[in-house]
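Below: one structure, written as structure tokens.
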Ligand SMILES: [Zn+2]
Ligand SMILES: [Zn+2]
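Numbering (this note's numbering), first residue to last: 496 to 623.
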């Protein structure tokens with residue numbers, strides 16, 4: 496399952512937003528949805544990992560009409576291979592370990608064209 500590609504452009508200046516919410520991956524005034532593609536309900540990005548025994552995090556949820564900030568419990572799904580889901584309870588998509596961001600893969604394929612020695616796994620088998 497690919498990652499949802501929704502982007503939220505924020506009108507709050509990036510440094511202010513980062514200071515207020517400890518945003519993990521703030522990129523010049525926009526954040527990316529962390530859910531899987533075609534998810535149900537609103538888009539979501541985690542703003543702050545609440546580490547006070549609550550067992551959850553602060554998330555921004557948004558849609559075409561607005562943004563809201565909510566405190567949500569962690570998804571309790573039993574993780575395979577000791578990996579946590581990393582999403583909130585009742586998230587409307589696949590679990591975190593099922594959501595794949597295709598961007599790093601696309602970057603590796605581009606780099607393999609220029610530096611094939613560093614990416615032997617991308618060398619075509621049909622070369623002589
Ligand atoms: Zn989304
Ligand atoms: Zn989950």
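Quick reminder that beta carbons are idealized off the backbone N, C-alpha and C, glycines included. Owing to the predicted nature of the structure, the values given are computational and were not obtained by experimental measurement.
Cβ shell of residue i (< 7 Å), same chain only, five flanking positions each side left out
i, result
"residue 599", "none"
"residue 568", "550, 551, 583 and 584"
"residue 570", "580, 582, 583, 584, 586 and 590"
"residue 578", "592"
"residue 606", "614"
Other residues of its chain near residue i: CB distance less than 6 Å, five sequence neighbours each side excluded
i, result
"residue 496", "531, 589, 593 and 594"
"residue 611", "618"
"residue 454", "This structure cannot speak to residue 454, because the chain is shown only from 496 to 623."
"residue 541", "552 and 554"
Contact under 8 Å by Cβ, residue i with residue j
i, j, result
"residue 526", "residue 572", "no"
"residue 529", "residue 582", "yes"
"residue 538", "residue 558", "yes"
"residue 562", "residue 503", "yes"
Check: residue i C-beta below 7 Å from any heavy atom of ligand 1
i, result
"residue 590", "no"
"residue 579", "no"
"residue 570", "no"
"residue 555", "no"
"residue 538", "yes"
"residue 530", "yes"
Cut-off 8 Å between Cβ atoms - residues of its own chain near residue i, not counting five sequence neighbours on either side
i, result
"residue 603", "614 and 617"
Residues bridged to residue i (per DSSP)
i, result
"residue 602", "DSSP, once it has assigned bridges, lists no residue as partnering residue 602."
"residue 498", "531"
"residue 564", "555"
"residue 613", "DSSP, once it has assigned bridges, lists no residue as partnering residue 613."
"residue 539", "556"
"residue 583", "569"
"residue 544", "552"
Check: residue i C-beta below 7 Å from any heavy atom of ligand 2
i, result
"residue 552", "no"
"residue 582", "yes"
"residue 534", "no"
"residue 613", "no"
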